[in-house]
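> Taking full-length UniProt numbering, I'd label the letters of the sequence shown as residues 1 to 664. The beta-carbon is built from N, C-alpha and C at its ideal position, and this holds for glycine as well.
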Amino acid sequence: MKQLREELVRGIDEDDMEIHRYERILGYNKRKSKNMPKVFRTEGLDYLLEICDSKPLQYSDIDGDNCPNTYHSGMLSVEDSKDSSESMHENSALTCTPKRNLPAFIKRNGFTEMGENNESEKDAGTSSEEDIYGRLINKKTGEFLSSKSCAKEKLNELEQKAGLLETEEHVKLKKSLRGLINRLNEHTLVGAVKMFSDIFARKGHNEVKQLLFFEITNSVDVGYRLPDRLIIEYAVFIALVHTTVSAEVSAYFVENYIVKLLETVAALPEGKSLENLTVLLAELYNFKVIKVIMITEIMQYLREQVNDKCFTCFKALLSYCGNTMRSRDMDALQKCITETQSFFLHLPETSRKTCQLRHIVDEINAIKNTNVRKFTDIVDSAMHSHYVNIFRGLTRKLDKEKELPMSVDDIMHIDERGRWWLVGSAWFPTASVPVNKTDDKFVGQTLKFSASLLQLAKRAKMNTTIRRDIFCTIMSSTSEMDAFEKLLRLSFKGQQEREIVHICVHCALREVTYNAFYAAIIDRLCCYHKRFKLTTQYALWDRIKVLSQISELQRENLALLIIDLMIKRSIGITLLKVIEFGMIDKITTQFVRSILSAVLVRSTHQTLLEMFQHVVSSPQHKFFADGLQVFIHMALKKPQQNIDNKLLLSKIEFIEGIWSSNPL
Numbered sequence: 001m002k003q004l005r006e007e008l009v010r011g012i013d014e015d016d017m018e019i020h021r022y023e024r025i026l027g028y029n030k031r032k033s034k035n036m037p038k039v040f041r042t043e044g045l046d047y048l049l050e051i052c053d054s055k056p057l058q059y060s061d062i063d064g065d066n067c068p069n070t071y072h073s074g075m076l077s078v079e080d081s082k083d084s085s086e087s088m089h090e091n092s093a094l095t096c097t098p099k100r101n102l103p104a105f106i107k108r109n110g111f112t113e114m115g116e117n118n119e120s121e122k123d124a125g126t127s128s129e130e131d132i133y134g135r136l137i138n139k140k141t142g143e144f145l146s147s148k149s150c151a152k153e154k155l156n157e158l159e160q161k162a163g164l165l166e167t168e169e170h171v172k173l174k175k176s177l178r179g180l181i182n183r184l185n186e187h188t189l190v191g192a193v194k195m196f197s198d199i200f201a202r203k204g205h206n207e208v209k210q211l212l213f214f215e216i217t218n219s220v221d222v223g224y225r226l227p228d229r230l231i232i233e234y235a236v237f238i239a240l241v242h243t244t245v246s247a248e249v250s251a252y253f254v255e256n257y258i259v260k261l262l263e264t265v266a267a268l269p270e271g272k273s274l275e276n277l278t279v280l281l282a283e284l285y286n287f288k289v290i291k292v293i294m295i296t297e298i299m300q301y302l303r304e305q306v307n308d309k310c311f312t313c314f315k316a317l318l319s320y321c322g323n324t325m326r327s328r329d330m331d332a333l334q335k336c337i338t339e340t341q342s343f344f345l346h347l348p349e350t351s352r353k354t355c356q357l358r359h360i361v362d363e364i365n366a367i368k369n370t371n372v373r374k375f376t377d378i379v380d381s382a383m384h385s386h387y388v389n390i391f392r393g394l395t396r397k398l399d400k401e402k403e404l405p406m407s408v409d410d411i412m413h414i415d416e417r418g419r420w421w422l423v424g425s426a427w428f429p430t431a432s433v434p435v436n437k438t439d440d441k442f443v444g445q446t447l448k449f450s451a452s453l454l455q456l457a458k459r460a461k462m463n464t465t466i467r468r469d470i471f472c473t474i475m476s477s478t479s480e481m482d483a484f485e486k487l488l489r490l491s492f493k494g495q496q497e498r499e500i501v502h503i504c505v506h507c508a509l510r511e512v513t514y515n516a517f518y519a520a521i522i523d524r525l526c527c528y529h530k531r532f533k534l535t536t537q538y539a540l541w542d543r544i545k546v547l548s549q550i551s552e553l554q555r556e557n558l559a560l561l562i563i564d565l566m567i568k569r570s571i572g573i574t575l576l577k578v579i580e581f582g583m584i585d586k587i588t589t590q591f592v593r594s595i596l597s598a599v600l601v602r603s604t605h606q607t608l609l610e611m612f613q614h615v616v617s618s619p620q621h622k623f624f625a626d627g628l629q630v631f632i633h634m635a636l637k638k639p640q641q642n643i644d645n646k647l648l649l650s651k652i653e654f655i656e657g658i659w660s661s662n663p664l
């Protein structure tokens with residue numbers, strides 16, 4: 001029994017020592033007061049603790065020699081009736097033990113209360129106190145006092161010291177990606193992309209992106225000049241990941257790569273590392289990962305440094321992506337060369353310190369009509385074309401991912417603009433995004449348009465902010481593709497988005513001479529998503545139902561708009577099903593006749609077959625098909641002006657053949 005008690009006491013002492021050690025490490029022993037926290041009293045838990053714990057005993061004269069033999073510890077007094085004298089002796093020995101040798105739990109429960117009272121008196125004079133949640137606050141100001149010894153920070157420090165941050169899985173993943181990059185070549189490209197896709201699907205995305213960026217930049221950022229083939233293979237790999245895996249990976253890579261490149265330009269290290277980084281950026285543009293704006297901004301940044309290394313990198317960009325810029329973005333190349341020549345023209349002679357720098361300046365100044373062949377001829381175009389063909393072959397049947405739309409300026413101002421290229425909406429300066437008070441359902445951007453354009457919108461009765469922005473965006477666009485991209489960038493939803501089609505139809509009808517520009521925009525929208533087809537159909541039905549109420553010019557423009565959209569297959573022949581052929585009037589007859597005649601003459605047999613086959617063979621459209629057949633037979637066979645009647649009759653025979661081969 002005695003040995004059992006000694007082992008119990010020894011175990012409790014060891015546990016207390018461990019608890020105190022971890023308290024010091026984790027910062028849990030920083031409370032000056034040993035009293036019960038205020039939160040316990042506020043919540044009424046002090047009474048609960050008194051019930052759970054034995055009431056501390058007050059001893060004022062506990063000494064090693066004058067210890068009373070009457071104290072029996074409640075936890076250790078396990079007296080046996082058969083051995084009472086031995087138990088009394090043991091208890092007496094325990095209670096006479098000096099305070100410094102008592103177990104820790106006895107010290108906490110019984111013999112430290114006087115010390116706690118003294119410490120609590122000292123605490124009364126301090127300027128901090130705990131709130132009801134146990135947080136330290138300043139008594140005077142009420143501000144929270146931060147504690148640097150929080151458990152999380154302590155644990156992170158301990159892990160860093162112990163080198164435990166790189167787990168076994170992290171090291172394994174790092175080795176896998178390093179091996180993947182090191183083995184990269186023309187023959188392993190497909191396997192490498194597939195392997196990376198599997199890793200990206202199984203592991204944490206952020207960790208994989210970080211490690212991929214780290215491994216590729218470490219391979220490129222070396223002091224010697226890398227072979228062009230190796231850099232192109234890195235670029236093709238990133239382009240394939242961008243197209244087949246996720247644009248999230250390429251966006252992260254490009255964002256951090258630009259920051260790395262600018263830091264390298266600022267540091268100007270010895271060797272060829274900056275040139276390697278520049279060539280890889282050019283290849284990313286060649287394989288449609290980034291847009292030309294990123295190349296031109298980097299070229300502008302390089303020329304402003306006025307030193308040999310930066311001018312050499314400027315020349316490398318022209319050499320490696322000059323031909324691509326000339327064929328893909330001629331205007332951007334011409335503007336960049338013109339601005340560079342103007343910059344060099346105003347460059348003082350004292351800045352041209354070395355012969356190499358002067359030679360590069362003279363070479364760039366000698367460029368005329370964007371003829372950069374002198375620069376591009378130094379690059380192996382056959383090898384580049386070979387890898388372009390490989391990339392096209394691997395991505396031929398895939399939906400092409402668009403180039404990353406951000407610029408260098410966007411990357412350098414991520415804190416205020418955010419990563420809008422991942423969110424999917426364009427960024428506008430804060431000054432141009434006030435709250436629109438006229439429409440509580442739409443908080444849009446007040447775009448900057450000219451006064452004449454705004455006046456034109458007012459005359460066109462574009463009364464709401466949404467309609468005015470759509471109208472001005474369409475009118476200020478240079479092409480239907482430009483208008484389509486700008487309209488999508490407005491990020492309208494629901495009814496606001498449907499306004500785009502209605503305004504295009506409205507504008508098409510108001511033109512003095514028919515303008516096919518509006519049909520091209522609607523066609524782009526219909527190709528983008530099928531919801532625009534339905535919106536277009538309803539918008540045209542609204543006009544067809546009121547044909548007699550609109551002017552002759554508007555009816556003519558409406559007919560031409562419908563003809564263009566039918567030929568482009570943006571809408572089908574079922575658009576005409578709202579017309580009652582049994583009760584058709586003269587105006588509607590002329591309207592439908594002009595549409596069908598033009599569609600038949602301008603369409604091929606295959607297009608007509610696809611257009612009419614579904615209507616003729618569908619029981620759902622039986623009455624419409626019968627009415628249309630009668631109308632074609634009765635109205636279209638009559639000779640018409642300004643049309644090839646012979647060709648029209650042959651197309652009518654072909655259409656009637658479709659009805660004959662598909663009897664319902």
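Opposite isoleucine 290 in the DSSP bridges: which residues?
For the purposes of this step, residue 290 is identified with residue 290 of the sequence shown, where counting begins at 1. The partner list for isoleucine 290 (beta bridge, DSSP) reads Leu404.
> Under a three-way DSSP split, which group does glutamate 580 fall into?
Translated into positions along the sequence shown, residue 580 becomes position 580. Coil.
> Return the first residue and the last residue of the alpha helix (DSSP H) that isoleucine 137 is part of.
If you number the sequence shown from 1, residue 137 lands on position 137. Taken as a continuous stretch (DSSP letters only), isoleucine 137 belongs to no alpha helix (DSSP H), being part of the beta strand (DSSP E) at 136-138.
> Mind checking which residues open and close the alpha helix (DSSP H) that includes isoleucine 658?
Locating residue 658 in the sequence shown gives position 658, where the first residue counts as 1. From DSSP, the alpha helix (DSSP H) with isoleucine 658 extends over 645-661.
> Using the Cβ count rule (16 or more neighbours within 10 Å means buried), how would you classify threonine 296?
Sequence index remark: in the sequence shown, residue 296 carries index 296 (1-based). Classification of threonine 296: buried, given that the 10 Å Cβ count is 16 or more.
> Determine the direct distance from the alpha carbon of valine 259 to that of alanine 519, and round the result to whole angstroms.
Residue 519 sits at position 519 when you count from the first residue of the sequence shown. Residue 259 sits at position 259 when you count from the first residue of the sequence shown. About 44 Å.
> Below 8 Å on the Cβ atoms is my guess for valine 615 versus threonine 574; work out the distance and round it to an integer in Å.
For the purposes of this step, residue 615 is taken as the residue at position 615 of the sequence shown. For the purposes of this step, residue 574 is taken as the residue at position 574 of the sequence shown. Between threonine 574 and valine 615 the Cβ distance is about 6 Å, and since that is below 8 Å, they are a contact.
> Quick check: what's the CA-CA separation for aspartate 63 versus aspartate 13?
Residue mapping note: residue 63 aligns to position 63 of the sequence shown, counting from 1. Residue mapping note: residue 13 aligns to position 13 of the sequence shown, counting from 1. Its pLDDT being 43, under 50, aspartate 63 is placed unreliably by the model, and nothing is read from it.
> Based on the DSSP secondary-structure assignment, which residues constitute the bridge partners of glutamate 129?
By one-based count along the sequence shown, residue 129 stands at place 129. Answer is Ile137, bridged to glutamate 129.
> What's the gap between the Cα of threonine 446 and the Cα of lysine 175?
Within the sequence shown, the letter at position 446 stands for residue 446. Within the sequence shown, the letter at position 175 stands for residue 175. At threonine 446 the pLDDT is 46, less than 50, meaning the model places this residue with poor confidence; the figure from the coordinates comes in the next sentence. One C-alpha to the other measures close to 51 Å.
> Hey, which unbroken runs of the alpha helix (DSSP H) at 4 residues or more fall wholly within the stretch 552-637?
You should have 552-567, 586-602, 605-617, 622-631.
> In whole angstroms, give me the CA-to-CA distance for leucine 560 and threonine 244.
Counted from its first residue, the sequence shown places residue 560 at position 560. Counted from its first residue, the sequence shown places residue 244 at position 244. If I take the Cα positions, the gap works out to 42 Å.
> If distances are taken between C-alpha atoms only, which option among Arg178, His621, Arg373 comes closest to serine 219?
Locating residue 219 in the sequence shown gives position 219, where the first residue counts as 1. Ranking the options by Cα distance to serine 219, first place goes to Arg178.
> Answer with buried or exposed for asparagine 182, where buried requires no fewer than 16 other C-beta atoms within 10 angstroms of its C-beta.
For the purposes of this step, residue 182 is identified with residue 182 of the sequence shown, where counting begins at 1. Answer is exposed; the Cβ neighbour count stays below 16.
> Please state if the CB of cysteine 313 and the CB of leucine 357 are separated by a distance shorter than 7 Å.
Here residue 357 corresponds to residue number 357 of the sequence shown, with the count starting at 1. Here residue 313 corresponds to residue number 313 of the sequence shown, with the count starting at 1. Against a cut-off of 7 Å, the Cβ pair of cysteine 313 and leucine 357 comes out as no contact.
> Among Asn307, Tyr514, Leu609, Arg531, which residue has its Cα nearest to the Cα of isoleucine 562?
Counted from its first residue, the sequence shown places residue 562 at position 562. Closest option to isoleucine 562, Cα to Cα, is Tyr514.
> Less than 7 Å between the C-beta atoms of tyrosine 320 and valine 361, yes or no?
In the sequence shown, the residue the question calls residue 320 occupies position 320. In the sequence shown, the residue the question calls residue 361 occupies position 361. Contact flag unset, no.
> Does the separation of the CB atoms of histidine 242 and valine 190 fall below 7 Å?
The residue you call residue 242 lines up with position 242 of the sequence shown. The residue you call residue 190 lines up with position 190 of the sequence shown. Taking 7 Å as the Cβ cut-off, histidine 242 and valine 190 do not qualify as a contacting pair.
> Tell me whether tyrosine 285 is buried or exposed, calling it buried when 16 or more other Cβ atoms sit within 10 Å of its Cβ.
Within the sequence shown, residue 285 is the residue found at index 285, counting from 1. Flag for tyrosine 285 reads buried.
> Between the C-alpha atoms of lysine 309 and valine 505, what's the straight-line distance to the nearest angstrom?
Within the sequence shown, the letter at position 309 stands for residue 309. Within the sequence shown, the letter at position 505 stands for residue 505. Those two C-alpha atoms are separated by around 56 Å.
> For leucine 398, count neighbouring Cβ atoms within 10 angstroms of its own Cβ and tell me buried if that reaches 16, exposed if not.
Reading the sequence shown from its first residue, position 398 is the one you call residue 398. So leucine 398 ends up on the exposed side.
> For glutamine 640, name the three-state secondary structure that DSSP assigns.
As a working note, residue 640 is residue 640 in the sequence shown. Coil at glutamine 640, not helix or strand.
> Identify which residue in Leu525, Arg468, Glu511, Cys507 has its Cα closest to the Cα of methionine 481.
On the sequence shown, position 481 is the one that residue 481 refers to. Nearest of Leu525, Arg468, Glu511, Cys507 to methionine 481, Cα basis: Leu525.
> Beta-carbon within less than 7 Å of alanine 635's beta-carbon, same chain only, minus the 5 sequence neighbours each way: which residues are those?
Residue mapping note: residue 635 aligns to position 635 of the sequence shown, counting from 1. Excluding sequence neighbours, alanine 635 sits near Thr589, Arg593.
> How far does the alpha helix (DSSP H) with serine 342 in it extend, from its first residue to its last?
Taking the sequence shown and counting its residues from 1, one reaches residue 342 at position 342. Per DSSP, serine 342 belongs to the alpha helix (DSSP H) from 330-345.
> On a CA-only basis, which of Trp541, Arg489, Phe532, Ala460 is nearest glutamate 511? Give me that one, please.
Counted from its first residue, the sequence shown places residue 511 at position 511. With distances taken between Cα atoms, glutamate 511 lies closest to Ala460.
> Would you identify the three-state DSSP class for asparagine 323, choosing helix, strand or coil?
Here residue 323 refers to the residue found at position 323 of the sequence shown. It is helical.
> Between isoleucine 466 and glutamate 499, is the Cβ-Cβ spacing less than 7 Å?
Against the sequence shown, residue 466 aligns to sequence position 466. Against the sequence shown, residue 499 aligns to sequence position 499. A contact, by the Cβ cut-off of 7 Å.
> Do you know how far the Cα of leucine 456 is from the Cα of phenylalanine 449?
Within the sequence shown, residue 449 is the residue found at index 449, counting from 1. Within the sequence shown, residue 456 is the residue found at index 456, counting from 1. Rounded to whole angstroms, phenylalanine 449 to leucine 456 spans 11 Å at the Cα level.
> How about phenylalanine 532 and isoleucine 503: do their beta carbons lie closer than 7 Å?
In the sequence shown, the residue the question calls residue 532 occupies position 532. In the sequence shown, the residue the question calls residue 503 occupies position 503. For phenylalanine 532 and isoleucine 503, no; Cβs fall outside 7 Å.
> Is the separation between the beta-carbon of alanine 332 and that of glutamate 283 shorter than 7 Å?
Working through the sequence shown from its first residue, we reach residue 332 at position 332. Working through the sequence shown from its first residue, we reach residue 283 at position 283. No. Outside cutoff.
> Mind listing, in chain order, the continuous beta strand (DSSP E) runs of no fewer than 3 residues lying wholly within the stretch 466-504?
As far as the stretch 466-504 is concerned, it has no whole beta strand (DSSP E) run of at least 3 residues.
> Can you tell me whether asparagine 371 is buried or exposed, with buried defined as 16 or more other CB within 10 angstroms of its CB?
Sequence index remark: in the sequence shown, residue 371 carries index 371 (1-based). Exposed, because fewer than 16 other Cβ atoms sit within 10 Å of the Cβ of asparagine 371.
> Just tell me which of Ile579, Leu540, Phe581, Leu553 has its CA closest to the CA of leucine 565.
For the purposes of this step, residue 565 is taken as residue 565 along the sequence shown, with counting starting at 1. Per the Cα distances, Leu540.
> By the three-class DSSP mapping on this structure, what secondary structure does lysine 368 have?
The residue given as residue 368 occupies position 368 in the sequence shown. Three-state result, lysine 368: coil.
> Can the beta-carbon of phenylalanine 200 be found less than 7 Å from the beta-carbon of valine 208?
For the purposes of this step, residue 200 is taken as the residue at position 200 of the sequence shown. For the purposes of this step, residue 208 is taken as the residue at position 208 of the sequence shown. Yes, these two residues count as a Cβ contact at 7 Å.
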